[in-house]
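Encoded as structure tokens, the structure appears first; notes follow it.
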Amino acid sequence: MTLARPDWLPAGHSSPLDDKLGIEITDYDPDHLVARMPVDGNQQPMGLLHGGATCALVETVGSWAAALGAGPGRRCVGVELNVSYLRAATSGVVTAVATPVRRGRTLATFRVEVSDERGRPTATARLTCMLSST
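Number 45 in full-length UniProt numbering belongs to position 45 of the sequence shown; there are no gaps in the numbering.
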């Protein structure tokens, strides 16, 4: 872990969906936020990682990166998500890395790369979040 959870962020601040999917943030750097998710338990009927689970992972890392970049007292919500699937993941863990494309006053856009345990890309995505004051 490069950066730990910031002190201003309440402990245990995760979503029930993230808990169900097993999403774990491993690096809280807003310029390179990283999270992991197991494939097991998140597959579609054919045994491949479910596209919806991948989208949830992407939304999680991008939203956290937006929130951390915006700072305390700001709220963020995803307003556009685009995902392209590149390779099927069938086992192990996938890792998502969010990097900023643009951070504005009211919108922030992130590129999210998802890869398998061998470092092979499984999906690439773009998430745009709207930022507001709480």
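Glycine residues also receive a C-beta, built at the ideal position from the N, C-alpha and C atoms.
Just so we're clear, the structure is a prediction, and the values are computed from it rather than from any experiment.
Query raised in the report: Do the CB positions of residue 60 and residue 35 come within less than 8 Å of each other?
Result: In the sequence shown, residue 60 corresponds to position 60, counting from 1. In the sequence shown, residue 35 corresponds to position 35, counting from 1. Yes.
Query raised in the report: Leaving out five residues before and five after residue 32 in sequence, what residues of the same chain have Cβ atoms less than 8 Å from its Cβ?
Result: On the sequence shown, position 32 is the one that residue 32 refers to. 2, 97, 98 and 99, listed in sequence order.
Query raised in the report: Just how far apart, CA to CA, sit residue 65 and residue 48?
Result: If you number the sequence shown from 1, residue 65 lands on position 65. If you number the sequence shown from 1, residue 48 lands on position 48. Cα to Cα, residue 65 sits roughly 27 Å from residue 48.
**Report entry** Enclosing alpha helix (DSSP H) for residue 86 [first to last residue]
**Finding:** Position 86 of the sequence shown, counted from the first residue, corresponds to residue 86. No alpha helix (DSSP H) holds residue 86; DSSP gives it neither H nor E.
Requested in this report: Return the residue from the list 92, 73 and 25 that minimises the CA-CA distance to residue 214.
Outcome: Residue 214 is absent from the structure shown; the chain starts at 1 and stops at 134.
Query raised in the report: residue 45 and residue 22: beta carbons closer than 8 Å?
Result: Sequence index remark: in the sequence shown, residue 45 carries index 45 (1-based). Sequence index remark: in the sequence shown, residue 22 carries index 22 (1-based). Taking 8 Å as the Cβ cut-off, residue 45 and residue 22 do not qualify as a contacting pair.
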